[in-house]
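Working notes, beginning with the structure itself.
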């Protein structure tokens, strides 16, 4: 991929995200989403591998369908009410169509089928973009329209997403697919609370982005794509793998790590809203995710390869990568004591 094409695609990605996140008019939000979709396509297909091309086509078709549904939803709402403002979504059919469109964009169950396949066909850095920055515009729209959506439908989709994300991740051996199902599970946590406390949804997304970035960059540094190569990577970069283990446990939501904070707050908020059954179900379903995170952590640091490796351990990596991963991993594991300060921002 030429530097000029990469620069144009990267700037378009930032532009599309900014337009959607800052717009109050439906057409501007839709425009930002379209720019985003077109900007990420060169990143997915840059390897020219048949799997990458397949992932690109799947991604384009799903995102185009979701964008068309979103535009149809906003148009029908404007037809019925005369309002193009994002916060003024009141027409019942428009609300239902928007829920479907946003679910397709985020990869919520039952519109999740494309996400693991697209991540598996993408390079690790592109998979990071798809899991984090590409979810920000739909999350923003969900945040702005949360008061208009059906609570029962969103709660059901969220619980099923958490269940399926945990359940399907158990049997995977490809790292990117495991992280894709992890993302689906986390999206369930964000969706269930969006009606009752939208700020908590944003906080969960920011912390998930922080932890995911640390995990993806660590795996990209060690060139780890499946569990078998994860066993061998320990002999090359012991310190990085030890850090990766802590970040994975944080992503699982174990105290006293950063990932425990959003789950704790969401369960607390659900209990306040007298949704004790939903809170209990979510807490139990998080154990499914915990199992495959523990398996990843076990493979990354505790399991020794069956044959000894004859090359030297790399205790030092490039300074730029080292500093960035160290900073992200520190925040991804050590922010829980700062929770009182974080809570004042929401």
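In mature numbering (1 follows the signal peptide of the UniProt record, and there is no 0), the protein residues as written are -29 to -1, 1 to 317. Yeah, the Cβ is synthetic: ideal placement off N, Cα and C, and Gly gets one too. All values reported here derive from a predicted model rather than from experimental measurement.
{"Item": "Between the CA atoms of residue 27 and residue 89 - distance to the nearest angstrom", "Value": "7 Å"}
{"Item": "Close Cβ partners of residue 124 (< 7 Å) along its chain, the five nearest in sequence each way excluded", "Value": "70"}
{"Item": "Touch test, the segment 179 to 198 against the segment 130 to 137, Cβ-Cβ under 8 Å, three pairs minimum", "Value": "no"}
{"Item": "8 Å Cβ cutoff met for residue 102 and residue 16", "Value": "no"}
{"Item": "Cα-Cα separation between residue -12 and residue 3, rounded to whole angstroms", "Value": "7 Å"}
{"Item": "Residue range of the unbroken alpha helix (DSSP H) whose run includes residue 243", "Value": "231 to 243"}
{"Item": "Given residue 236 as reference, the closest of 62, 161, 133 once Cα atoms are compared", "Value": "161"}
{"Item": "Selected residue, minimal CA-CA separation from residue 49, among 63, 93, -9", "Value": "63"}
{"Item": "The segment 112 to 131 in contact with the segment 245 to 254 per 3-pair CB rule at 8 Å", "Value": "yes"}
{"Item": "As assigned by DSSP and simplified to three states, the class of residue 34", "Value": "helix"}
{"Item": "Residues near residue 107 by beta carbon distance below 7 Å, same chain, minus five either side", "Value": "-13, -9"}
{"Item": "Alpha carbon of residue 153 to alpha carbon of residue 32, nearest angstrom", "Value": "23 Å"}
{"Item": "Straight-line Cα distance separating residue 232 from residue 169", "Value": "16 Å"}
{"Item": "Proximity below 8 Å, CB of residue 217 to CB of residue 295", "Value": "no"}
{"Item": "Simplified DSSP state of residue 17, which is helix, strand or coil", "Value": "coil"}
{"Item": "Nearest residue (CA-CA) to residue 180, options 212, 66, 104", "Value": "104"}
{"Item": "Residue 62, DSSP secondary structure in three states", "Value": "coil"}
{"Item": "Residue 157 in three-state terms, based on DSSP", "Value": "helix"}
{"Item": "The ligand ZN heavy atom lying under 7 Å from the CB of residue 205", "Value": "This structure lacks the ligand ZN, and indeed carries no ligand of any kind."}
{"Item": "Where the alpha helix (DSSP H) through residue -5 begins and ends", "Value": "Taken as a continuous stretch (DSSP letters only), residue -5 belongs to no alpha helix (DSSP H), as it is neither H nor E."}
{"Item": "Reduced DSSP category for residue 197 - H, G, I as helix; E, B as strand; rest coil", "Value": "strand"}
{"Item": "Proximal residues to residue 58 (C-beta, below 6 Å), its chain only, five neighbours per side dropped", "Value": "115"}
{"Item": "Nearest candidate by alpha-carbon position, reference residue 159, set 144, 175, 148", "Value": "175"}
{"Item": "Burial state of residue 22 (16 or more Cβ within 10 Å)", "Value": "exposed"}
{"Item": "Residue 145, DSSP secondary structure in three states", "Value": "strand"}
{"Item": "Contact under 8 Å by Cβ, residue 41 with residue 10", "Value": "no"}
{"Item": "Pairwise C-alpha distance: residue 74 and residue -4", "Value": "17 Å"}
{"Item": "Residue 109 - containing alpha helix (DSSP H), residue span", "Value": "107 to 116"}
{"Item": "Where residue 246 falls, given that 16 or more other Cβ within 10 Å makes a residue buried", "Value": "buried"}
{"Item": "First and last residue of the uninterrupted alpha helix (DSSP H) at residue 54", "Value": "Segment: none, residue 54 is in no alpha helix (DSSP H) and carries neither H nor E."}
{"Item": "CB contact flag (residue 267, residue 155, <8 Å)", "Value": "no"}
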